[in-house]
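There are 2 protein chains.
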Amino acid sequence: MAKAKVLTAQADDFPRWYQDVLAKAELADNGPVRGTMVIRPYGYALWERMQAEVDLRIKACGAQNAYFPLFIPQSYLAREAEHVEGFSPELAVVTHAGGEELAEPIVVRPTSETVIGEYMAKWIQSYRDLPLLLNQWANVVRWELRPRLFLRTSEFLWQEGHTAHTTREDAAAYATRILREVYESFMVDVLAMPVIVGRKTAAERFAGAINTMTCEAVMRDGKALQMATSHELGTNFAQAFDITYLDDQGATQHCWTTSWGSTTRMIGGLVMGHGDDDGLLVPPRLASIQTVVLLVKDEDDAATPARRLTDELVGSGIRAVLDDKVAQSFGRRSTDWELKGVPLRVEVGPRDLAEGQVTLVRRDRGEKQAVPLSEAGSRAASLLDDIQHEMLAQATKARDAQTSEVASLDDAAEAAQSGVARLPWELVRGAAEARLAGRGVTVRCLQRADGSVPDDEDEDDLVAYVARAY
Amino acid sequence: MAKAKVLTAQADDFPRWYQDVLAKAELADNGPVRGTMVIRPYGYALWERMQAEVDLRIKACGAQNAYFPLFIPQSYLAREAEHVEGFSPELAVVTHAGGEELAEPIVVRPTSETVIGEYMAKWIQSYRDLPLLLNQWANVVRWELRPRLFLRTSEFLWQEGHTAHTTREDAAAYATRILREVYESFMVDVLAMPVIVGRKTAAERFAGAINTMTCEAVMRDGKALQMATSHELGTNFAQAFDITYLDDQGATQHCWTTSWGSTTRMIGGLVMGHGDDDGLLVPPRLASIQTVVLLVKDEDDAATPARRLTDELVGSGIRAVLDDKVAQSFGRRSTDWELKGVPLRVEVGPRDLAEGQVTLVRRDRGEKQAVPLSEAGSRAASLLDDIQHEMLAQATKARDAQTSEVASLDDAAEAAQSGVARLPWELVRGAAEARLAGRGVTVRCLQRADGSVPDDEDEDDLVAYVARAY
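In order, the protein sequence lines correspond to chains A and B. Here the first sequence stands for residues 290 to 759, where the numbers follow our numbering. Here the second sequence stands for residues 290 to 759, where the numbers follow our numbering.
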């Protein structure tokens with residue numbers, strides 16, 4: 290029986306497919322104020338799992354969570370010249386509060402370098418207070434003219450890390466550690482997304498940074514998505530906010546600071562990086578629901594083994610739920626769980642049960658297999674492992690197929706219409722980078738020939754990844 | 290040796306003591322914008338533990354987390370008359386964004402009944418969609434003229450639950466369930482705070498509610514602190530936002546909604562409910578650090594058993610850390626951990642170790658006991674249990690000692706200068722409630738004689754708890 294398609298096909302209209310998935314899998318809705326977003330429970334559960342996994346890795350790198358105010362005096366932003374220039378067009382400004390006009394307008398934080406800089410300056414006295422490693426989970430606001438759910442919204446949720454160090458080397462090493470041990474590790478090992486890790490060009494840096502490093506993912510339509518960034522801020526903010534320390538000789542020195550962030554945009558990346566014409570695909574390690582036990586019909590006491598199997602799965606540490614809403618058709622429920630990308634379904638029905646069996650269905654391959662009821666629990670656990678690995682392998686294959694090695698700027702611009710192009714950085718740097726940008730193609734990042742992250746964009750033999758991007 | 294006091298004594302100046310503790314235990318700082326707050330890592334770790342425990346209980350009651358926008362169109366608030374009147378004086382208003390003046394000013398959410406009401410109306414079609422049980426963790430803004438860290442800040446963090454039901458009974462039962470199974474359970478079992486649970490008078494209700502229920506705690510200075518509230522909203526918001534459903538006869542009905550919240554104010558309650566002249570006391574179940582292993586001196590290889598013991602404690606599930614910063618004096622470090630209220634210290638020093646011993650120090654009683662190193666782990670676990678129970682017992686004793694049974698309004702006003710007064714509600718209701726308020730004393734809540742929560746303030750024989758309050 291051919292299934293009626295509930296989504297626009299990716300090949301027909303990828304942006305429309307994306308909107309369809311968000312709506313039908315109940316991930317998010319547009320908010321009432323331009324560019325804002327309502328994250329629905331199923332979407333928020335993905336975010337909670339992302340938070341848990343990222344937070345674990347951040348704490349393992351020694352950073353502590355704190356919370357700084359939403360409201361920032363407008364004067365703070367002005368203290369770092371590039372920073373204020375970068376963010377001014379996107380600011381939301383509070384001019385009235387408590388029934389009165391304010392003497393100084395207040396900015397709703399677009400990011401917290403400035404306010405955190407102010408407190409670092411208070412808290413840091415000597416080299417013994419360093420490194421100071423802070424992180425916060427918060428909402429930020431950047432007014433968007435062309436909003437798109439999860440990808441670019443006027444308000445989004447994120448974590449922002451802010452650290453201060455005694456030396457440039459120490460700051461650089463920490464920014465790199467976060468890039469690798471938090472972001473890349475999370476994206477590869479949990480999201481099953483084989484991100485391209487590299488250095489941004491000067492043109493693409495964060496406003497106020499001396500170096501921005503990035504994890505870039507390739508979406509199924511061939512566009513790139515910046516998934517997270519880690520910045521060396523040099524002493525720019527330390528000079529603007531007097532973040533100094535006494536060194537072991539008693540001399541006053543400026544700190545070297547970093548910042549790094551990942552946002553709810555990762556949910557958009559997950560959708561467009563793994564999704565297919567049947568909907569979302571959530572990798573098992575991320576999934577808030579790893580397995581759904583689907584009661585086909587409530588006949589011949591089929592509900593009892595379905596409930597028992599769910600309990601067994603939960604007891605063995607699998608995030609499993611029971612769907613026994615038999616008032617809705619089995620086909621409809623089955624399609625809904627597919628849409629939501631739950632990695633594994635266990636169908637429990639009277640016909641199978643009569644033979645002592647249940648049916649396991651993998652979301653990634655769509656394969657069905659009947660297994661004895663008694664083995665369903667252990668089979669589910671090993672299938673979830675398989676799916677996790679297979680999703681990373683498939684995504685890696687897809688990324689490589691979407692990446693072309695080219696030798697000229699024209700070929701790069703051409704290849705970037707449907708994927709990512711790799712070419713020598715020397716062909717792009719300077720005026721050529723701006724020409725590419727004029728054709729909607731940007732340098733996503735630079736790598737050394739061996740795939741490592743360069744210390745400088747002036748190194749020899751660097752490779753540029755260029756693409757259209759979200 | 291008498292210790293130099295690092296805090297103002299509670300008896301000398303309680304508000305000053307409170308400020309001292311927040312600063313010296315590094316819980317929080319004032320933010321740069323009036324009334325805002327910086328929550329420092331140790332303070333935020335308390336909040337993370339509160340979130341984890343409250344979130345667990347909310348999910349056990351079937352509610353799902355979601356996220357709604359920070360920005361609310363000003364027109365939304367106006368739709369519910371009491372609500373807009375209650376919140377208007379406290380609003381922060383965004384008038385400019387993206388470099389332009391906005392056509393309609395935007396309010397920074399003071400609470401989310403209105404915006405969530407709008408989406409409930411979209412999502413609810415029939416009785417099959419009910420109950421709809423939502424919660425969000427978020428920041429909210431209520432402009433404060435007399436801010437006080439954690440207790441009243443212009444921005445604070447909280448969870449706000451919002452639910453919709455088919456009947457008044459179902460809504461009332463759920464609001465009560467949250468009050469008991471989330472708030473009271475968390476406060477009594479985790480915070481070790483014996484809260485008084487009751488119904489607010491009409492004068493003290495949430496703006497737009499038909500019933501507000503509360504958990505009130507008694508601080509060590511005898512004032513009350515509202516720790517969390519749960520509201521029945523009747524059909525007020527359902528009418529304002531068209532939250533309707535089709536019942537099983539196909540007729541359109543208004544939903545009955547509830548909302549309920551708990552905030553970072555609970556941190557202030559924890560400090561003032563348990564703290565003493567040596568600082569904070571954190572109950573073990575809440576503590577982010579339950580046990581600190583304090584290396585006295587780094588001599589005779591004392592660091593090795595200290596590290597091994599810390600690992601053993603962590604391995605057995607105790608949140609333990611090692612303090613081996615022997616460059617600072619032992620006395621100073623010891624005082625700092627006391628200030629921070631870590632429930633149990635284990636002092637590991639060469640002299641004790643020579644006799645195969647370490648010293649355990651309870652924060653609540655200040656008692657020290659030497660125990661064999663090999664038994665330290667198991668003793669620590671059982672002492673933490675003891676401390677948890679003892680803290681609740683002590684707090685209950687203190688609350689009861691601070692509560693007077695009185696028979697007249699004058700006696701109530703008098704008793705409320707140093708504690709809580711209990712008296713018949715019939716002596717207070719009507720004009721007398723306003724007269725009390727004129728003397729700085731409010732009705733914190735109403736209970737039945739048996740301590741249960743009344744369904745109505747017109748019931749006979751109700752008891753009123755009155756006090757000064759934060």
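A virtual CB, placed ideally from N, CA and C, is assigned to each residue, including glycine.
Close Cβ partners of residue i (< 8 Å) along its chain, the five nearest in sequence each way excluded
i, result
"L422 (chain B)", "C350, G351, A352, Q353, G450, T452, Y463"
"A591 (chain B)", "L584, V585, V637, G638, P639, L642"
"T685 (chain A)", "P483"
"E746 (chain B)", "R488, T490, A491, W714, R718, L735"
"E473 (chain A)", "V484, V486, C504"
Any chain B beta carbon closer than 7 Å to residue i
i, result
"M290 (chain A)", "Note that M290 (chain A) has pLDDT 43, beneath the 50 cutoff, so the model's placement of it is unreliable and the number below is only indicative. So no, M290 (chain A) is outside the interface."
"F303 (chain A)", "no"
"A496 (chain A)", "no"
"Y754 (chain A)", "no"
"T325 (chain A)", "yes"
"D309 (chain A)", "no"
Residues near residue i in its chain [Cβ-Cβ closer than 6 Å; skip 5 each side]
i, result
"A291 (chain B)", "Summary for A291 (chain B): the model assigns pLDDT 49, below 50, so the residue's position carries little reliability, and this model does not support an answer."
"R457 (chain B)", "W545"
"G557 (chain A)", "F439, L440"
Same chain, Cβ closer than 7 Å to residue i, neighbours up to 5 away in sequence not counted
i, result
"A492 (chain B)", "E722"
"R608 (chain A)", "A576, S577, I578, Q579"
"T518 (chain B)", "F495, T501, M502, T503, W549, G550"
"S761 (chain B)", "No answer is possible for residue 761 (chain B): it lies beyond the span of chain B, which begins at 290 and ends at 759."
Interface residues of chain A facing residue i [CB-CB closer than 8 Å]
i, result
"V382 (chain B)", "V383, T384, H385, A386"
"D318 (chain B)", "Y408, K411"
"N428 (chain B)", "L359, A427, N428"
"V581 (chain B)", "The contacting residues do not exist; V581 (chain B) stays about 16 Å from chain A at best."
Amino acids of chain A, ordered along the chain, whose beta-carbon sits closer than 7 Å to that of residue i
i, result
"I328 (chain B)", "A355, Y356"
"P362 (chain B)", "P321, V322"
"L446 (chain B)", "Y356"
"V404 (chain B)", "P321"
Below-7 Å beta-carbon distance, residue i vs any chain A residue
i, result
"P378 (chain B)", "yes"
"Y333 (chain B)", "yes"
"E627 (chain B)", "no"
"S548 (chain B)", "no"
Partners in chain B for residue i, counting only beta-carbon separations shorter than 7 Å
i, result
"W432 (chain A)", "A386, G387"
"I395 (chain A)", "V322"
Proximity test, residue i beta-carbon vs the ligand PLP heavy atom, cut-off 6 Å
i, result
"A670 (chain B)", "In the structure shown, the ligand PLP is absent, as is every other ligand, since no ligand is present at all."
The segment 733-745 of chain A contacting the segment 298-308 of chain B, beta-carbon criterion three pairs below 8 Å: no
Does the contact criterion of 3 or more C-beta pairs under 8 Å hold for the segment 533-546 of chain B versus the segment 315-328 of chain B? no
Could you check whether the segment 353-372 of chain B touches the segment 326-333 of chain A, counting it as contact only if at least three pairs of C-beta atoms, one from each stretch, sit closer than 8 Å? yes
Counting Cβ pairs closer than 8 Å, one from the segment 559-571 of chain B and one from the segment 608-620 of chain B, do we hit at least three? Using a C-beta cut-off of 8 Å, the segment 559-571 of chain B makes no contact with the segment 608-620 of chain B, since fewer than three inter-stretch Cβ pairs fall below that distance.
Using a beta-carbon distance cut-off of less than 7 Å, what residues from the segment 334-347 of chain B approach chain A? E337
When Cβ atoms are compared, which residues of the segment 600-631 of chain B fall closer than 7 Å to chain A? none
Does the segment 600-607 of chain A come close enough to the segment 657-671 of chain A to have 3 or more Cβ pairs within less than 8 Å? yes
Stretch pair the segment 745-758 of chain A + the segment 708-717 of chain A: three plus CB contacts closer than 8 Å: yes
Could you check whether the segment 434-449 of chain B touches the segment 389-399 of chain A, counting it as contact only if at least three pairs of C-beta atoms, one from each stretch, sit closer than 8 Å? no
When the Cβ atoms of the segment 375-383 of chain A are set against those of the segment 362-374 of chain B, are three or more pairs found closer than 8 Å? no
At least 3 beta-carbon pairs within less than 8 Å: the segment 398-409 of chain B vs the segment 401-419 of chain A: no
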